[in-house]
Amino acid sequence: MLWPYITLASAAAAGVSYAGYAAMAPASQLYGRTLTHGSDPSQMALTFDDGPNDPHTMHLLDVLARHNARATFFLIGKYVRQRPDIARAILAAGHEIGNHTDSHPNLILVSAARLRQELESCSKSLEDAMGKRVTLFRPPFGGRRPNVLRTARGMGLSPVMWSVTGYDWSAKSADKIVEKVSRQVDSRNKAQAEIVLLHDGGHLAFGTDRGYTVEATRKLLDHFSARKFVTVSGLS
Ligand SMILES: [Zn+2]
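Mapping the sequence shown onto this note's numbering, position 209 (from 1) lands on 205, and the numbers just tick up by one.
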């Protein structure tokens, strides 16, 4: 789940510093390069955060399988320990899995020791569940600072942000999510592959209802059927 977006104008009005804005804005490169999109406009990468979640992650796997689409799931370590079988099912279905920390803190606010522990515990839980190390990492709330990125890279984790957000954590319907994603994709110059931020879980509680996201994903796969849905590592 993401903090409400802060626009430059509202950040300035609220007296929020540019550095504060840059730490939370998905496309900001001020603190080092992070992946926000791919280069081939015929591709699209759906990403789902805050799982594994029951039953919504499995419902999503059904929807993706019906469209022969691949996606990327950024999992929370403590939920992986709760349901390692769901992490294995995601991997077995051909999708990619990344580290979304162990307990979903804002990494801007934690100590260096806690930062390492959050990343390592999540990676270890994923390795225990799946038998392999993950190489992708998405910071909770999009929050990052140079030390966050440096530490993650030092642990073999590449930071992944996004170019389009579904705002599905507060959506009132599946159609609203589809509308928000479609509008952002259509407003682009169509010269890049979008990385779309969605959620199959909720960081506040296991079992958070993501029925709207599952339904919106089904509709997005239909709406953008001309695109090839790939994992983040599958972006060219
Ligand atoms: Zn999250």
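Even for Gly, the Cβ is constructed at its ideal location relative to N, Cα and C.
Residue i vs residue j beta-carbon contact at 8 Å
{"i": "S178", "j": "H219", "result": "yes"}
{"i": "G47", "j": "D205", "result": "no"}
{"i": "I93", "j": "V130", "result": "yes"}
{"i": "V233", "j": "H52", "result": "What the structure shows of the chain is the stretch from -3 to 232, and residue 233 is not part of that stretch, so it cannot be assessed."}
{"i": "P142", "j": "N102", "result": "no"}
{"i": "H252", "j": "E190", "result": "Coverage of the chain is limited to positions -3 through 232, which leaves residue 252 absent and any answer about it impossible."}
{"i": "M40", "j": "A85", "result": "no"}
{"i": "A170", "j": "K120", "result": "no"}
{"i": "T43", "j": "L200", "result": "no"}
{"i": "M126", "j": "L87", "result": "yes"}
{"i": "T97", "j": "C118", "result": "yes"}
{"i": "N95", "j": "L132", "result": "yes"}
{"i": "A19", "j": "R140", "result": "yes"}
{"i": "P22", "j": "K186", "result": "no"}
{"i": "H100", "j": "I72", "result": "yes"}
Host beta strand (DSSP E) of residue i (start-end)
{"i": "L115", "result": "Counting along the chain, L115 falls outside any beta strand (DSSP E), though it belongs to the alpha helix (DSSP H) covering A108 to M126."}
{"i": "V156", "result": "Careful: V156 lies outside any beta strand (DSSP E) and carries neither H nor E."}
{"i": "D46", "result": "Q39 to G47"}
Unbroken alpha helix (DSSP H) run spanning residue i, endpoints
{"i": "I82", "result": "P80 to A88"}
{"i": "V192", "result": "Taken as a continuous stretch (DSSP letters only), V192 belongs to no alpha helix (DSSP H), being part of the beta strand (DSSP E) at A189 to H195."}
{"i": "L103", "result": "Premise fails: L103 is in no alpha helix (DSSP H) and is neither H nor E."}
{"i": "L60", "result": "H52 to R62"}
{"i": "G207", "result": "G207 to H219"}
Assumed close pair residue i, residue j - CB separation to whole angstroms, cut-off 8 Å
{"i": "T257", "j": "V156", "result": "A query on residue 257 cannot be resolved here, the shown segment of the chain reaching from -3 to 232 and no further."}
{"i": "R134", "j": "F202", "result": "In fact, because the Cβ distance is near 19 Å, the residues do not count as touching under 8 Å."}
{"i": "A222", "j": "G162", "result": "Actually they are not in contact, since the Cβ atoms of A222 and G162 sit about 19 Å apart, beyond 8 Å."}
Touching by the beta-carbon criterion (3+ pairs, under 8 Å), the stretch 101 to 109 and the stretch 55 to 68: no
Is the stretch 71 to 80 touching the stretch 223 to 232, taking contact as three or more C-beta pairs under 8 Å? no
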